[in-house]
Amino acid sequence: MGKMLQEALANVGRYGNSLGQSDRTRAKWTQHLQPPVKDARREPVEYLWFVGDYASYSPTLVEVVRKTADVFNKVGLNYGILYEAERNSGNDVRRVGEEGLFEMLVDKNMQALGKCKFKTIVTTDPHSYNTLKNEYTYNGAGHPLILHHTELLDRLISSGQLKFTKKLDYKVTYHDPCYLGRYNGVFDAPRHIIHATGCELLEMPRHGDRAFCCGAGGGRIWMEEKPGRERPSEIRIKEATALNGVQAFVVACPKDVTMFQDAVKTTGNEQRLQVRDLIELVHEAM
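Residue numbering for the sequence shown follows this note's numbering, beginning at 1 and increasing consecutively.
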């Protein structure tokens, strides 16, 4: 087991997140937001937003997660989060074989969820989405509806609750996250949203159920890369830049933001291609 993986797993066991951050700062991103983000442990909500480690702690994702909250507020969602009670969902922990640690995380999260009243769990991380939907056992009222935020936004657009006032005219390509697309079959919702914002979607040759991995899933983000080997994220960025006139590389996963922003730099494409989370397009078009 590599050093990075050992450290990540130790952090998850000790702090409940792979970044080794205090649980007291998990919801620091909510500071000064108006209206304040509800604490789902203290009042009933319709949607419980399971934010995830990277969106909660990564400095590069602060604006993305705050814009997500702003979109939710503007469409009038009754939502809340678990604040410091949320723990790593355990998806990647299980993928690297740490079943005992996975069960501990499930137990902690289920204890927190058991104190809340909600109808639907919404995630912005496909890895959390996969394990909450397919690998957690829910007692009492039964299995709640689990939605990735792209599924929720697509529904809100279809119902007319989410309306856009600005038509964007970017040429974009979209990267299907493995745990959203191939593993759970969510291909259409992100594309519906992209088209609704007015953007022109240019597909990479490998897309949909044939999409290429970013290289972070299954715990790979915690593992060292072999020197001199081209990374999957770099290969993917080169596929995108081969498309005629593409301006933005659109993602729907916090880890993808991190992986592809780095790959854009290492491939020398900072001036040519911008990595954007899908929620940023939604926020801009509202």
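Every residue gets a Cβ at the ideal spot worked out from N, C-alpha and C, and that includes glycine.
Enclosing alpha helix (DSSP H) for residue i [first to last residue]
i      : result
Ala55  : Asp53 to Tyr57
Ala8   : Lys3 to Tyr15
Asp107 : Glu99 to Gly114
Phe72  : Val62 to Lys74
Ser233 : Pro232 to Thr241
Asp92  : Asn91 to Arg95
Sequence-distant residues of its chain with Cβ nearer than 6 Å to residue i (five each side left out)
i      : result
His192 : Asp154
Asp209 : Arg182
Lys108 : Arg87
Nearest-angstrom beta carbon gap, residue j and residue i [assumed within contact, 8 Å]
i      : j      : result
Glu284 : Lys166 : 7 Å
Tyr47  : Val122 : 5 Å
Ala112 : Arg41  : 7 Å
Leu105 : Gly90  : 4 Å
Val96  : Leu19  : About 16 Å; that fails the 8 Å criterion.
Leu162 : Val75  : 5 Å
Test item: CB-CB of residue i and residue j under 7 Å
i      : j      : result
Ala248 : Tyr170 : yes
Gly80  : Lys38  : yes
Pro126 : Cys253 : yes
Gly64  : Asp277 : Going by the sequence as given, residue 64 is Val instead of Gly. Taking 7 Å as the Cβ cut-off, Val64 and Asp277 qualify as a contacting pair.
Val172 : Leu180 : no
Asn88  : Asn184 : no
Thr124 : Leu147 : no
Cys199 : Leu168 : yes
Ser128 : Phe50  : yes
Leu86  : Leu9   : Correcting the residue identity first, residue 86 is Glu in this sequence and not Leu. No, these two residues do not count as a Cβ contact at 7 Å.
Nonlocal neighbours in the same chain, by C-beta distance under 8 Å from residue i, ignoring five residues either side
i      : result
Arg94  : Phe102, Thr131 and Glu135
Lys260 : Note on residue identity: the sequence assigns Phe, not Lys, to residue 260. These residues qualify, in order along the chain: His175, Cys214, Ser233, Arg236, Ile237, Phe249, Val251 and Val275.
Glu239 : Met204, Pro205, Arg206 and Phe212
Thr197 : Phe164, Lys167, Leu168, Leu281, Val282, Glu284 and Ala285
Val62  : Trp29
Proximal residues to residue i (C-beta, below 7 Å), its chain only, five neighbours per side dropped
i      : result
Gln21  : Tyr15 and Tyr57
Lys67  : Ile279, Glu280 and His283
Tyr174 : Pro190, Arg191, Ile194, Leu201 and Val250
Glu84  : Asp23, Arg24, Arg26 and Ala27
Asn11  : Asn17, Ser18, Leu19 and Gly20
Opening and closing residue of the beta strand (DSSP E) in which residue i lies
i      : result
Gly80  : Tyr79 to Ile81
Val122 : Thr120 to Thr123
Val275 : Gln274 to Asp277
Leu48  : Tyr47 to Phe50
Simplified DSSP assignment, three categories, for residue i
i      : result
Leu132 : helix
Glu203 : coil
Lys171 : strand
His148 : strand
Leu19  : coil
Gln161 : coil
Lys255 : helix
Phe260 : helix
Asp188 : helix
Val250 : strand
Lys166 : coil
Asp176 : coil
Lys117 : coil
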